[in-house]
Every structure is written in C-alpha cells, then in structure tokens.
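Student: For the sequence shown, the residue numbers in mature numbering (1 follows the signal peptide of the UniProt record, and there is no 0) are -19 to -1, 1 to 178. Note that beta-carbon positions come from the ideal geometry of N, C-alpha and C, so glycine has one too. I have a structure I would like to understand better, so I am pasting it below and will then ask my questions one at a time.
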Amino acid sequence: MRTAIIFIIFLFLSWVTSSKGWGSNSRDSYVRDACSVTRYQHLCVHSLSSFSRTAGRSPGKWARAGVSVTIGEAKNVTQYLNKLKKYGLMRGGRNRIALSDCIENFHDTIDNLHKSLGVLRNLDATNFDTQMGDVITWMSAALTDEDTCLDGFEDQSPPKQVILVLQKRVTRVTYITSNALALGNKLASTGLESLTN
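Right, here's the structure in full:
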C-alpha cells in the first residue's frame, strides 16, 4: 500500500512538473514566434520574454511591448548621456558638441516612441492604415536619430573608453528600436484581424 501511494505521488509530481514545463515552453514559443521577424532575435527574446503571457499571439500586443521596452532603454541611455555632460566626462570641443547633439537626438527619439505607443494603444479599424503609417514613420525617425547620435563619435583614433561605452549603449538601443520597428511592420502587414487579439 505504501509503495502504491509513493508511486501515485511520484506520478502526480511528474505530471505537475511536465505541465509547468509545457506552459513555459508554450510561452517561450510565443516570444520566439513574435521575434522571428526581427533582425536581432536573441536580444528580442531576452528583452520581451516577460510579455509572453500577456501578448500571446497578438501582433498588436507585441508591437506595444516592443515600443514600451524601447522607451525604457532610450530613457536609460538619455540619463547616462546627461551624466556624461553634467560631470564633464567628454573632453574636447568636438566631443562636447557631439554629446549635446546626441542628447537632443535622444529627446527626439523618446518623443517619437511615445507618439508611436500612444497610437498603438488606440488603433481602430477605420484609421488602421494611416495610424500604422504614422507609427512606422515615427519609429524609423527614432532609429535615424539614434544612428545620427553614433555618427558624431566616429573616426576617433584611438577612441576613448568613455566613447566606447557610449557607443555600445547607444548601439544596443538601436538594435532594440530596430526590433520594435520590425514588430510594428509585422502588425501593419497582419492587418485588421490582429486588433481582435
């Protein structure tokens, strides 16, 4: 009798473990499927995996998640850039000017991202194509602003450590923005049926 009870408990625990694993794998498949359209898929999966449960298979929710994460990353970089300026860590006139331009670019980036998220939260069937056209335009502009920021620090030989760190952080945001843009394009191409999910 005792052996039978232990066996039943073992079977139950095995079932619970496999059920949890299956649910997790299902959620993993959601984010992997969503990120399959992005250029930087590993970064996409890593940055958006927490949205799997809520986004499921909805292109609209994944697009919103992508923009939301991008806003957070862009704000973090903007804070970093402002600290560099505040503490005078960029020496030389050219670097100081490039840093000021970069900060301005990131303000524009964040503004465009917020406009995009606002539209994504209020999509409707009547204006869907126009709304998505605006979102794609703003997201593309955000990516261009980030690239412009990087342009100001090119041709440094040898580049200083602080510039290397700046370039690395800005480049990461460009990748995340590129991924969000791809998710927006997927939503635009999926069309109206994605709004019901």
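Do you know how far the Cα of residue 65 is from the Cα of residue 131?
Tutor: If you take the alpha carbons of residue 131 and residue 65, they lie about 15 angstroms apart.
Student: Nearest to residue 104 by CA position, among 44, 17, 85 and 25, is which residue?
Tutor: 44
Student: Once you ignore the five residues that flank residue 55 on each side, which residues in its own chain have a CB closer than 7 angstroms to its CB?
Tutor: Scanning its chain for C-beta atoms nearer than 7 angstroms, with the 5 sequence neighbours on each side dropped, one finds around residue 55 the residues 87, 90, 91, 94 and 154, in chain order.
Student: For the alpha helix (DSSP H) holding residue 73, just list the boundary residues, first then last.
Tutor: Here residue 73 belongs to no alpha helix (DSSP H), and DSSP marks it neither H nor E.
Student: Determine the direct distance from the alpha carbon of residue 99 to that of residue 69, and round the result to whole angstroms.
Tutor: 35 angstroms
Student: Apart from the five residues just before and just after residue 3, which ones in its own chain have a Cβ nearer than 8 angstroms to its Cβ?
Tutor: Any reading at residue 3 is ruled out, since the residue's pLDDT is 37, under 50, leaving its predicted position unreliable.
Student: Between the segment 116 to 129 and the segment 75 to 87, can you find at least three pairs of beta-carbon atoms closer than 8 angstroms?
Tutor: yes
Student: Buried or exposed: which applies to residue 144, given that a residue is buried once 16 or more other Cβ atoms fall within 10 Å of its Cβ?
Tutor: buried
Student: Please work out which residues of its chain come closer than 8 angstroms, Cβ to Cβ, to residue 171, disregarding the five sequence neighbours upstream and downstream, and give them in chain order.
Tutor: 40
Student: CB-CB under 6 angstroms to residue 15, same chain, minus the five flanking residues each way: which ones, in chain order?
Tutor: 43
Student: If you pair each beta-carbon of the segment 18 to 37 with each one of the segment 106 to 118, do three or more pairs fall below 8 angstroms?
Tutor: no
Student: State yes or no: is the C-beta of residue 51 within less than 7 angstroms of the C-beta of residue 158?
Tutor: yes
Student: Can you name, in chain order, every residue of its own chain whose Cβ lies under 7 angstroms from the Cβ of residue 58, other than the five neighbours on each side?
Tutor: 87, 150, 151 and 154
Student: If I follow the unbroken alpha helix (DSSP H) through residue 46, where does it start and stop?
Tutor: 40 to 67
Student: Short check: CB of residue 12 to CB of residue 26, under 7 angstroms?
Tutor: yes
Student: So, for residue 156: in the same chain, excluding its five sequence neighbours on each side, which residues have a beta-carbon less than 7 angstroms away from its beta-carbon?
Tutor: 21 and 24
Student: Is residue 17 helix, strand or coil when you go by DSSP?
Tutor: Three-state result, residue 17: coil.
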